[in-house]
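> One structure follows; several queries about it will come next.
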Amino acid sequence: EFLARELAGVRLAVGDMVSRDYLRHELEDLRGLLERLEAKLDDVSADVADSHEDLTEPTQGDLADDTER
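Right, here's the structure in full:
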């Protein structure tokens, strides 16, 4: 009886374990998601950098004009 219970416990434990192939597949999916997120962040930061280049010269109504008075 003891061995039967132990074997049943081992079978349950092994059944709940993650296989190496499953874990590898999940990690590859996660890496793909992270790469896509990184690409989107790069695109957004490039867009922000481009929009800041237009703001190098003071325009009418900027605080720089108010301090010269």
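Note that the UniProt record's numbering gives residue 2 to position 2 of the sequence shown, counting from 1, and the numbers run on in steps of one. No residue lacks a Cβ here, since even glycine has one placed at the ideal position from N, Cα and C.
#1: Per DSSP, what kind of secondary structure is residue 10 in: helix, strand or coil?
#2: I need the DSSP call for residue 45, collapsed to helix, strand or coil.
#3: Leaving out five residues before and five after residue 7 in sequence, what residues of the same chain have Cβ atoms less than 6 Å from its Cβ?
So, from the listed chains and residues:
#1: Residue numbering aside, residue 10 sits at position 10 when the sequence shown is read from its first letter. Here residue 10 sits in helix by DSSP.
#2: In the sequence shown, the residue the question calls residue 45 occupies position 45. Looking at residue 45 - three-state DSSP - the assignment turns out to be helix.
#3: To locate residue 7, count along the sequence shown from 1; it is residue 7. Cβ-Cβ distances below 6 Å link residue 7 to nothing in the same chain once the five nearest sequence neighbours on each side are left out.
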